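2 protein chains.
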Amino acid sequence: MKNMDNLDLMKSISIASPSKIVLLVIDGLGGLPRPETGRTELETAKKPNLDNLAAEGICGLSDPIGPGITPGSAPGHLALFGYDPVSYNIGRGVLEAVGVDFDLQPGDVAARGNFCTVDKSGMVTDRRAGRISTEKCAELCGLLDGKVIDGIEIIIRPVKEHRFIAVFRGEGLSEGVNDSDPQQTGVAPLVISALNREANRMADIGNQFVAQVKTSLTEHSPANMVLLRGFSKRPHLPSISEIYKLKPVAIAGYPMYRGLARLAGMEVLETEAGIEDEFKTLTKNYKDYDFFFLHVKATDSAGEDGDFDRKVAVIEEVDSLLPEITGLQPDVIVVTGDHSTPALLKGHSWHPVPLLLSSRWCRTDKASEFSESACVLGGLGRIPATQIMPLAMANALKLKKFGA
Amino acid sequence: MKNMDNLDLMKSISIASPSKIVLLVIDGLGGLPRPETGRTELETAKKPNLDNLAAEGICGLSDPIGPGITPGSAPGHLALFGYDPVSYNIGRGVLEAVGVDFDLQPGDVAARGNFCTVDKSGMVTDRRAGRISTEKCAELCGLLDGKVIDGIEIIIRPVKEHRFIAVFRGEGLSEGVNDSDPQQTGVAPLVISALNREANRMADIGNQFVAQVKTSLTEHSPANMVLLRGFSKRPHLPSISEIYKLKPVAIAGYPMYRGLARLAGMEVLETEAGIEDEFKTLTKNYKDYDFFFLHVKATDSAGEDGDFDRKVAVIEEVDSLLPEITGLQPDVIVVTGDHSTPALLKGHSWHPVPLLLSSRWCRTDKASEFSESACVLGGLGRIPATQIMPLAMANALKLKKFGA
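Heads up: the protein sequence lines correspond to chains A and B, in order.
The first sequence begins at 291 in the numbering used here and counts up one residue at a time.
The second sequence begins at 291 in the numbering used here and counts up one residue at a time.
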């Protein structure tokens, strides 16, 4: 079954109902065993609540994109929401823009920006300008915001620390240009070049903008230059409510995940970034929605930092807060990740992601704990992540029979 | 994820690196249990080295084409190399031709030929002419080679025993014709017929050729007739190096597998057909390549002959030679087959194929031996064979992250 067909099929059999689904995404959940113990982060964590949920529910492993493919955060989440992550490839600029509540217009081209440090000869010495404070970033963005080049308005908004967005607004812009971010130090920022003839104007404006910025920032070392990447326009995604007839809401402390949820048509709740805050936000708003995407970022950050113990601790924190959710008795709880981030690899990886579904109507399996090794033998088997939404919908009794 | 996209995706995220991958294909590896013992060929074999590799690595089962589909050798191998075996269906004639180093030109139509025996009434009594010697085959091919019919040159080359290739070279030929091989005895060879209007010329030339051959071979019983099948033109496959940025090489004693590897753009090393010779060829050339396709044929031949014990013995021989490979410490070793060939069925079968991947970065599972039953519970689950290459690439750290 092709995935476009999948969404059409969902659209044709989904029904609105009072039942509620919680999708708890523990970012970068999957891991690799620490050689000394043979146990992964998830297998090391003390997590009685998740283990109980696994024992009563059904487990498995999911591939966000496919075996062997390491997903970025965006395709990882798109797959969890049921969209084919290869067909719907969303640019980084768009994600960052919608993640800071920026109202992208059709035709806008958004880029993700880093403030960076360059030396006297123009070589990048720090791609993150020493991770300047968010306040400093906002101040510099104020300085750069509002330039107009050849009729194109350039809007600059701070994101976090050294990161900002640049939105190019006006006629005749294309997203088909390369990054100026060389992704390494010791070299100059790249000239923005067009990937096709239609993108010549975007490349030209981009380069003029970077040149003006360089002048504006001369006195602001370490943030004396910018790097731009992920030039992109807002894509059209059919919305979660359109496909599944849900009233969906996202609770995520980290901008990119809020942005992604908005692209999928979810409402986004105000929340602090702490896990406890996120869980309380869900509780407080539980009566108003029937689909909750709850995103925990800190597992992924710990994995990226290679901090096995911190990742274990975050999982334990999530576990300790789980009764906040189970106490609400949602009809379906799904716990999984958008990809694996093994501390041993210090980055996202291709390993399939532990998956747990709890519902009155699931067919319980023998998995008595939530772990990679138990999930291997779980009743859900190994499935593409795009099949998680249909499973959640079915277990919430929100899907009609297909065919007579 | 559609498979055509899959190759494009691989192309976009593959990176060249010094890490090395060995793909050991034990042809027809999968089996069925002998009723007396309940153990398959693989489960009967004493194979401490493969069992160790399984214990340290990750196991699973692969479907070359799909559940229930029995693969020929060509689609089985195409899937292992990552090509959708249904989209890329390569004719048997082409495979045999490239397998004997024949330089097929665009427009050539190649057919696989058997010398066979017919009785006085023209009925086939032995489809293989008593498996005449390769020397005799070469002599007869010399007799038939070089005929020209209506401007079409017909080139005949010996393969092995009763087998040869016929290559039709000239203008206006099509591959759309049926075989003349009836695949059974007691009937006459079939008239070659066109499957579409464009193929009328090919059918006509083919039938004229067979008629001339019959006259030429009258005195050469038991090889007094030929059967032709698999009329086909060389297809375009994107090469392994183009898709995966690998420097690939094939080591295979049996012509068809060399031919297939060439179609996938691999270099082919000279080697004797013995398993030990093949392994030594790999060792000798290890520094010069980063992807090694090593093919063991004798398991399949034993399975086809219904010789359970011989298949067990071949697996044991492979196992005893395995330290030649593991001693080189490749970054990734994959051991699998192109399909199952259970001795009990005396032929290829649809049963999924045991699969073992060993790498520093694989997520080890509970499979402590390499067997069909252990693979059922392995961490790789049950995957299409086309996903083996992405997994090998990922475990060799040769794939970039997909998406932001």
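For every residue, glycine included, the Cβ atom is placed at its ideal position computed from N, Cα and C.
What you are looking at is a predicted structure, and each value in this text was computed from that prediction instead of being measured.
- For A:Ala633, the secondary structure class from DSSP, reduced to helix, strand or coil, is coil.
- In the DSSP secondary-structure assignment, B:Leu584 is bridged to B:Leu314 and B:Ile541.
- Closest in alpha carbon position to A:Ala345, among A:Glu659, A:Ala335 and A:Val312, is A:Glu659.
- Under the criterion of beta carbons closer than 8 Å, B:Lys337 and B:Asp609 qualify as touching, at roughly 4 Å.
- Neighbours of B:Leu689 in chain A, taken as residues whose beta carbon is under 8 Å from its own, are Gly358, Ile359, Thr360 and Trp640 in chain order.
- Secondary structure of B:Phe692 (DSSP, three-state): strand.
- The beta-carbon separation of B:Leu434 and B:Val390, rounded to 15 Å, does not stay under the 8 Å limit for a contact.
- When the Cα atoms are used, B:Ala542 and B:His629 turn out to be separated by approximately 17 Å.
- Residues of chain A whose Cβ lies closer than 7 Å to the Cβ of B:Phe692 are, in chain order, Ile355, Ile359, Thr360, Pro361, Gly362 and Pro365.
- With its beta carbon at least 8 Å from every one in chain B, A:Gly668 lies outside the interface.
- Contact check for A:Gly669 and A:Cys349: beta-carbon distance about 7 Å, within the 8 Å limit, so the pair qualifies.
- Taken in chain order, the whole alpha helix (DSSP H) runs of length 4 or more contained in the stretch 545-586 of chain B are 545-553 and 565-574.
- In its chain, beyond the 5 residues on either side, Val390, Phe392, Cys431, Phe454 and Ile455 have a beta carbon closer than 7 Å to the beta carbon of B:Arg447.
- Nearest to A:Ala588 by C-alpha distance, out of A:Asp317, A:Lys301, A:Ala306 and A:Pro308, is A:Asp317.
- Counting the other Cβ atoms within 10 Å of the Cβ of A:Gly436 gives fewer than 16, which makes it exposed.
- With a threshold of 8 Å between beta carbons, A:Pro375 makes contact with chain B.
- Proximity of B:Lys656 to chain A, defined by a Cβ-Cβ separation below 8 Å, is satisfied.
- Residues of chain B whose Cβ lies closer than 8 Å to the Cβ of A:Leu635 are, in chain order, Trp651.
- Per DSSP, the beta bridge partners of B:Phe405 are B:Val516.
- If you keep only unbroken beta strand (DSSP E) runs of at least 3 residues inside the stretch 437-503 of chain B, you get 437-439, 442-450 and 453-459.
- Taking the beta carbon of A:Asn296 as reference, no residue of chain B falls within 7 Å; the closest one sits roughly 12 Å away.
- Between the alpha carbons of B:Cys427 and B:Val449 lies a gap of roughly 8 Å.
- For A:Pro323, the chain B residues whose Cβ falls inside 9 Å of its Cβ are Arg653 and Thr654, in order along the chain.
- By the 16-neighbour rule on beta-carbons within 10 angstroms, B:Gly412 is exposed.
- Counting only residues of its own chain and dropping the five nearest sequence neighbours on each side, B:Leu611 has a CB closer than 8 Å to the CB of Ile565, Glu566 and Phe569.
- Below the 9 Å Cβ cutoff, chain A contributes Gly356, Pro357, Gly358, Ile359 and Trp640 as neighbours of B:Pro680, in chain order.
- The stretch 518-527 of chain B and the stretch 376-387 of chain B touch, with no fewer than 3 CB-CB distances between them shorter than 8 Å.
- Taken atom to atom, the span from the alpha-carbon of A:Gln474 to that of A:Arg418 is near 11 Å.
- Under the three-state reduction of DSSP output, B:Ile533 falls in the helix class.
- Inter-segment contact for the stretch 670-677 of chain A and the stretch 365-383 of chain A is present: three or more beta-carbon pairs are separated by less than 8 Å.
- Collapsing the DSSP output to three states places B:Pro354 in coil.
- With a threshold of 8 Å between beta carbons, A:Leu351 makes contact with chain B.
- Classified as buried, A:Trp640 has 16 or more neighbouring CB atoms from the shown chains inside 10 Å of its CB.
- In the same chain as A:Ala554, and ignoring 5 residues on each side of it, the C-beta atoms closer than 7 Å to its own belong to Phe371, Leu527, Ser529 and Ile530, in chain order.
- Not a single C-beta of chain B is nearer than 8 Å to the C-beta of A:Arg552.
- Per the C-alpha coordinates, the member of B:Ser363, B:Arg324 and B:Ile355 positioned closest to B:Ser377 is B:Ile355.
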